[in-house]
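**Q** Pasting in a structure now, in structure tokens, and then I'll have a few things to ask.
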Amino acid sequence: MEYPQLVWYCSALSTEITDTPLARMICEKPIVFYRGKSGKVVALEDRCAHRQAPLSLGRVQGDDIECSYHGFVFDCSGACVYVPRQDTVPKSARIASYPVVERWGYIWLWLDDPAKADPNCVPHLPWTEDKALRAVYFRFDVNANFQLMADNLMDVSHTEFLHRTSIGSQTGRRGQDEETKVDLDCRVEGDRVHFVRRVHNTLLGPVATKWAGSSKPVTRSNTLMWEAPNTIHSVLEFQNEETHNTVHMEHIMTPRTATSTFYFMNWVRDFGTDNVGYPTDEDVRREQTAVVCGEDIPMVEAQQRNIDLFGMVQDVPARQDRFITAVHHTLRQIYAKADKPVPAELQRLAVLRQAG
Amino acid sequence: MEYPQLVWYCSALSTEITDTPLARMICEKPIVFYRGKSGKVVALEDRCAHRQAPLSLGRVQGDDIECSYHGFVFDCSGACVYVPRQDTVPKSARIASYPVVERWGYIWLWLDDPAKADPNCVPHLPWTEDKALRAVYFRFDVNANFQLMADNLMDVSHTEFLHRTSIGSQTGRRGQDEETKVDLDCRVEGDRVHFVRRVHNTLLGPVATKWAGSSKPVTRSNTLMWEAPNTIHSVLEFQNEETHNTVHMEHIMTPRTATSTFYFMNWVRDFGTDNVGYPTDEDVRREQTAVVCGEDIPMVEAQQRNIDLFGMVQDVPARQDRFITAVHHTLRQIYAKADKPVPAELQRLAVLRQAG
Amino acid sequence: MEYPQLVWYCSALSTEITDTPLARMICEKPIVFYRGKSGKVVALEDRCAHRQAPLSLGRVQGDDIECSYHGFVFDCSGACVYVPRQDTVPKSARIASYPVVERWGYIWLWLDDPAKADPNCVPHLPWTEDKALRAVYFRFDVNANFQLMADNLMDVSHTEFLHRTSIGSQTGRRGQDEETKVDLDCRVEGDRVHFVRRVHNTLLGPVATKWAGSSKPVTRSNTLMWEAPNTIHSVLEFQNEETHNTVHMEHIMTPRTATSTFYFMNWVRDFGTDNVGYPTDEDVRREQTAVVCGEDIPMVEAQQRNIDLFGMVQDVPARQDRFITAVHHTLRQIYAKADKPVPAELQRLAVLRQAG
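In order, the protein sequence lines correspond to chains A, B and C. Its first residue numbered 1, the first sequence is counted upward by one per residue in the working numbering. Its first residue numbered 357, the second sequence is counted upward by one per residue in the working numbering. Its first residue numbered 713, the third sequence is counted upward by one per residue in the working numbering.
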């Protein structure tokens, strides 16, 4: 499929890249990542120019990489610099190299013209480095289109159903005695979309109750900002007379293929920052993995399989889908500006626009 | 592929449908089945109109079903009757609903114009309710075209080879000292085909010997009737001076896809009906599962894989294939009458007609 | 794809063919092999002419085979000779039969016009029967094109990288203090290609050191001869003042499909022939399986997957690839002479020719 261009793709956690080469497909391109002796992160096409063996099966030598099939060596620009048993190297022995930035605990990859790769355009995640807060990082692998997974994170209203018994609120169901009220606000600024959803006077699911540190009703706020290709900045707050706890999160979706996605996440809290009382980093890891892998991903993958089965049926938007609607509209404009066809996935969802 | 139209498709055992929704694909259509609070069985398109999540992951509420992703609720007509946080429901929020009849221990589904759904056309299986007999039900899942599996059940001559050491007869092999005689009779009446095969003076395999209740040679009779789309009514009798035991069976084939099939079966006996002496229900379950899953299904699936490998080779019919031949001929006429193209599977098999 | 014609395809080890039928696909054709009562090896199309059940699920009767679905019997010419319960057999009940030669411990199959099947054209492997030597046979299954696997065996230079820590030599790496010298010689004679590679004064990996029977530097020689479709005769020698040990090997590649291969091998040694001291047959089996299944096949399969991902990128040949280059050139000429299109796999690799 057509992927968004001229953007940095979050491709790995910093901790994933070592001197053992890592094979990872980004936007259908097979890429080998490794950290050279100098600490520099390198991203090359994952093939030896000689006989197409994956370089990811090779060995790092300084900042270079040696193919383990016949010993050809490539430097970090993608040029072959050594062929065993011969003095010269054919000029055509060259593979693609990709610009990389390491920042905020992630590896960001540029797939377009290297001359246009501006490190200042990497999304801004300063709270990951704030000494008063404490960050935990995740990578999840999802068998669904990256837009479907992003939509899940933008559509906060699902927390009251899919996450009812974990991190959601206990409200919104048909026939329920409703005392809660919901405020929504959505605002587009250039290529960014801002959204606030605030639920007043709500009881929380058991995990969210522990985060809030209060079992009384709270005001639960989600403040979100989306930017291309699919980074969702989210600030989650629980507030009442007893408490005010905040979590900064980024949900960053990177296409592996049209139907598989890397979902990166950082979960940055302003409570339990001593990592001794609840929650410790390990609590956060366990809880988030349970929710994302046990509730979100199975649903999004089921949705993808159903879309594949039913073909191009059109979604029927709800009033609460305003944020997704605005984001899809923005994405369509980005494709149009670049004279690119809008991917099928965004055409199907585009009908949500009318509900905006 | 093209499936037979204007017929009731056996889709589930009655016992399979509860207030936990069941996802099942019938004729390539993903359908959710559930039993509402009233006891009514409901069959809906298995997708939420909002964002295409499978309703089969949802929760039954009365006779309605709630999507567990965002809480939309659908009634048994397929109309959306509730959207969280809004007073009105978009008219377009609607999915298909299918007529259903629960009868003879099965759920029968109608995929065509509901106005034409006549419950009187459900196949007639009265022995399943006869107090003097005792019924055991089965569902087998087969990775082959439903016609191939049906052909297996119509072609009784395979019992002497494939089931030689279980439920078959010990006769018919090359070089065997033959004292048996076989009578065949085939008769077409409208869209139904009748067939009788009688083997005289035959020894039986060990399991069939136990059913017969006699280790002496018997007359073994199969009396069969086929009706569309692929229900095979079968009466199996073992008779000699010592014994006369009878089994009423229905073998009912429903397409899941062009190469996968639900095979429903009821096995109704006039012996061991106290469920204390041999055979108990558990004996029947164990024996049938061993024969169908250990002998029939592996062969039919191997046949399907071979047909896929060899492409359109034509079958060479035998004299004993008269019943299949007549059924295929009838099915071709049904397709022709409906102005539908004959499925490839029936074209390949159609050459059997000349042997009829 | 198009496979080489008018050649004998090595299809099984002699020991694999018994009176239990064996299903094996050769060049995309499903074939059943069995050994009749007379000891004769039979190769038939693996389908019953009646209803396309695989005959490989059947039973051998004398030199004939009985289908286990409905009891049809076929003789070794592919003619049906018995249909249960009828006196005559339809003339059209006939399947293909293939010429077979059993020689040198292998079963060789002819897929073209039987009139052209000349047993004298089976590759010549006399050392497998030399009483002074001792042979061990192997069959490996590879998920890659047969040419890719053959290239691995023809390209001896990979032993210094892929097999560095097992059967290779400890030499050739960038920055290594080189005292070794490599001689190459390549010679084309008609449709055969001869090649010698000799590494002087080299240290060996641990397994090769055990074969050589000397831990001092040796001269390591590989003398190879290739013939169509893809049989590689190889003589491996280790020699210094202490030792001179020799292994005769054949590597024989047979296409299962365009992306799967049977790799047959015989490993014939002139040392340890009493099968008591090192190496015993069991040592050979364990060592070769570890190297081929742990080092060669994973690399060739990774190469195949990469070629599938990257599409038609062209290889950049090295000076040491002279043998592969000459073989591909010869194969292209064989296809051209037969007025057949050159397979994609050989087009991609054909650029190696320029380096020859």
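By construction, the Cβ of each residue, glycine as well, lies at the ideal position given by its N, Cα and C atoms.
1. Start and end of the alpha helix (DSSP H) containing I680/B?
2. What are the residues of the region 284 to 315 of chain A that lie near chain B, defined by any Cβ-Cβ distance shorter than 7 Å?
3. From D321/A to M965/C, what does the alpha carbon distance come to, in whole angstroms?
4. Three or more beta-carbon pairs under 8 Å between the region 1016 to 1036 of chain C and the region 41 to 60 of chain A, yes or no?
5. Since S448/B meets chain A, which of its residues come closer than 9 Å, beta carbon to beta carbon?
6. Would you verify that the beta carbon of F238/A is, or is not, closer than 8 Å to some beta carbon of chain B?
7. Mind the definition here: the region 917 to 930 of chain C touches the region 845 to 859 of chain C only if three or more C-beta pairs lie below 8 Å; say whether that holds.
8. Alpha carbons only, please: which of R998/C, H870/C, Y746/C, L769/C is nearest the one belonging to F517/B?
9. Is T88/A near the ligand ATP, going by C-beta to nearest heavy atom under 7 Å?
10. Would you tell me roughly how many angstroms separate the C-alpha atoms of E598/B and R554/B, rounded to the nearest one?
11. Between V483/B and Q689/B, what straight-line distance do the alpha-carbon atoms span, to the nearest angstrom?
12. Note the first and the last residue of the continuous alpha helix (DSSP H) segment covering R797/C.
13. Which whole-angstrom value describes the C-beta separation of D155/A and I26/A, a residue pair presumed to lie in contact below a C-beta threshold of 8 Å?
14. Within a Cβ cutoff of 7 Å, which residues of the same chain sit near A1050/C, ignoring the five residues on either side of it in sequence?
15. So which of E28/A, T289/A, L22/A, T330/A has the shortest CA-CA distance to R187/A?
16. Could you confirm whether any beta carbon from chain A is found closer than 8 Å to the beta carbon of R759/C?
17. Of the residues D283/A, P279/A, Y69/A, E345/A, which one's Cα is nearest the Cα of Q304/A?
18. Look up S750/C in the DSSP assignment and give the residues it is bridged to.
19. By the DSSP assignment, the alpha helix (DSSP H) with P1054/C in it spans what residues?
20. Determine the DSSP secondary structure at I307/A, reduced to helix, strand or coil.
21. Compile a chain-ordered list of the residues in the region 865 to 878 of chain C whose CB is closer than 9 Å to at least one CB of chain A.
22. Below 8 Å CB to CB, which residues in the same chain sit around P440/B once its five sequence neighbours on both sides are set aside?
23. My understanding is that R851/C touches L725/C, with C-beta atoms under 8 Å, so please give their C-beta distance in whole angstroms.
24. Quick check on the DSSP output: what are the complete alpha helix (DSSP H) runs of length 4 or more inside the region 941 to 1009 of chain C, in order along the chain?
25. Does DSSP put R298/B in a helix, a strand or coil?
26. Tell me which residue opens and which closes the alpha helix (DSSP H) that F72/A is part of.
27. In chain order, what residues of the same chain lie with their CB nearer than 7 Å to the CB of G356/A, ignoring the 5 residues before and after it?
28. Run through chain C and tell me which residues come within less than 8 Å of Y69/A, C-beta to C-beta.
29. For V291/A, count neighbouring Cβ atoms within 10 angstroms of its own Cβ and tell me buried if that reaches 16, exposed if not.
30. In three-state terms, what does DSSP make of H906/C?
31. What number of angstroms, rounded off, separates the C-alpha of E643/B from the C-alpha of S723/C?
32. Would you list, in chain order, the members of the region 546 to 580 of chain B that have their beta-carbon closer than 7 Å to a beta-carbon of chain C?
33. For the beta strand (DSSP E) containing M25/A, list its first residue and its last residue.
34. Could you compute how far the alpha carbon of W460/B sits from the alpha carbon of V640/B?
35. Would R675/B count as contacting chain C if we go by Cβ distances under 8 Å?
36. Using only the alpha-carbon positions, how far apart do K340/A and Y818/C sit?
**A** Looking at the atomic coordinates:
1. The sequence position of residue 680/B within the second sequence is 324, counting from 1. Element bounds for I680/B: 678 to 693.
2. Per Cβ criterion, the list reads M299, A302, Q303, N306, I307, L309, F310, V313, D315.
3. Looking up residue 321/A in the first sequence gives position 321. Looking up residue 965/C in the third sequence gives position 253. Using only the alpha carbons, I get a separation of about 59 Å.
4. By the criterion of at least three beta-carbon pairs nearer than 8 Å, the region 1016 to 1036 of chain C is in contact with the region 41 to 60 of chain A.
5. In the second sequence, the residue the question calls residue 448/B occupies position 92. Simply Q314, V316.
6. In the first sequence, counting from the first residue as 1, residue 238/A sits at position 238. It does not; no Cβ of chain B falls within 8 Å.
7. Taking 8 Å as the limit for Cβ pairs, the verdict is that the region 845 to 859 of chain C does not touch the region 917 to 930 of chain C.
8. What you label residue 517/B is simply residue 161 of the second sequence in a count that begins at 1. Closest by alpha carbon: L769/C.
9. For the structure depicted, the ligand ATP is absent and the ligand set is empty, with no information on it obtainable.
10. As a first step, residue 598/B is located in the second sequence; it is residue number 242 there, counting from the start. As a first step, residue 554/B is located in the second sequence; it is residue number 198 there, counting from the start. The straight-line gap from Cα to Cα measures roughly 18 Å.
11. Here residue 483/B refers to the residue found at position 127 when the second sequence is read from its first residue. Here residue 689/B refers to the residue found at position 333 when the second sequence is read from its first residue. Per the sequence shown, the amino acid found at residue 483/B is Trp instead of Val. If you draw a straight line from the Cα of W483/B to the Cα of Q689/B, it is about 30 Å long.
12. Within the third sequence, the letter at position 85 stands for residue 797/C. For R797/C, there is no enclosing alpha helix (DSSP H), as DSSP marks it with neither H nor E.
13. Here residue 155/A refers to the residue found at position 155 of the first sequence. Here residue 26/A refers to the residue found at position 26 of the first sequence. A Cβ-Cβ distance of about 25 Å is found for the pair D155/A and I26/A, leaving them out of contact under the 8 Å criterion.
14. Position 338 of the third sequence, counted from the first residue, corresponds to residue 1050/C. Same-chain partners within the cutoff: Q717.
15. Taking the first sequence and counting its residues from 1, one reaches residue 187/A at position 187. Out of E28/A, T289/A, L22/A, T330/A, the CA that lies nearest to the CA of R187/A is found in T330/A.
16. In the third sequence, counting from the first residue as 1, residue 759/C sits at position 47. By this cut-off, R759/C is not an interface position.
17. Position 304 of the first sequence, counted from the first residue, corresponds to residue 304/A. Out of D283/A, P279/A, Y69/A, E345/A, E345/A has the C-alpha closest to the C-alpha of Q304/A.
18. In the third sequence, the residue the question calls residue 750/C occupies position 38. BP columns for S750/C are empty, so no partner.
19. The residue labelled residue 1054/C in the question sits at position 342 within the third sequence. Note on residue identity: the sequence assigns Val, not Pro, to residue 1054/C. Where V1054/C is concerned, there is no enclosing alpha helix (DSSP H), given that its DSSP letter is neither H nor E.
20. Translated into positions along the first sequence, residue 307/A becomes position 307. Helix at I307/A.
21. For the region 865 to 878 of chain C, which is checked against every Cβ of chain A, the residues closer than 9 Å are D867, S869, H870, E872, F873, L874, R876.
22. Residue mapping note: residue 440/B aligns to position 84 of the second sequence, counting from 1. For P440/B, where only same-chain residues beyond five positions count, the Cβ hits under 8 Å are H426, G427, F428.
23. Taking the third sequence and counting its residues from 1, the one referred to as residue 851/C is at position 139. Taking the third sequence and counting its residues from 1, the one referred to as residue 725/C is at position 13. Rounded to whole angstroms, the Cβ separation of R851/C and L725/C is 6 Å, and the two are in contact under 8 Å.
24. Secondary structure remark: continuous alpha helix (DSSP H) runs of at least 4 residues inside the region 941 to 1009 of chain C, in chain order: 993 to 1003.
25. Missing from the structure shown is residue 298/B; chain B here goes from 357 to 712 and no further.
26. Here the question's residue 72/A lines up with position 72 in the first sequence. Counted as a single uninterrupted DSSP element, the stretch harbouring F72/A is not any alpha helix (DSSP H), since DSSP gives it neither H nor E.
27. For the purposes of this step, residue 356/A is taken as the residue at position 356 of the first sequence. Reliability of the predicted coordinates at G356/A is poor, the pLDDT of 34 falling under 50, and the value obtained from them is presented with this limitation in mind. Same-chain partners within the cutoff: R322, T325, A326, H329.
28. Taking the first residue of the first sequence as 1, we reach residue 69/A at position 69. In chain order, H870, F873, L874, M1011, Q1015 make up the part of chain C whose C-beta sits under 8 Å from the C-beta of Y69/A.
29. Walking along the first sequence from the start, residue 291/A turns up at place 291. By the 10 Å Cβ count, V291/A comes out buried.
30. As a position in the third sequence, residue 906/C is number 194, starting the count at 1. Here H906/C sits in strand by DSSP.
31. Numbered from its first residue, the second sequence carries residue 643/B at position 287. Numbered from its first residue, the third sequence carries residue 723/C at position 11. Cα to Cα, the separation comes out at about 40 Å.
32. When C-beta distances to chain C are compared with 7 Å, every residue of the region 546 to 580 of chain B stays at or above that value.
33. The sequence position of residue 25/A within the first sequence is 25, counting from 1. Start and end: 22 to 26.
34. Counting from one through the second sequence, the residue named residue 460/B turns up at place 104. Counting from one through the second sequence, the residue named residue 640/B turns up at place 284. Spanning the two alpha carbons is a distance of roughly 19 Å.
35. Your numbering for residue 675/B matches position 319 in the second sequence. Chain C, which has a Cβ nearer than 8 Å to the Cβ of R675/B, makes this yes.
36. Start at 1 with the first residue of the first sequence, and residue 340/A comes out as number 340. Start at 1 with the first residue of the third sequence, and residue 818/C comes out as number 106. About 58 Å.
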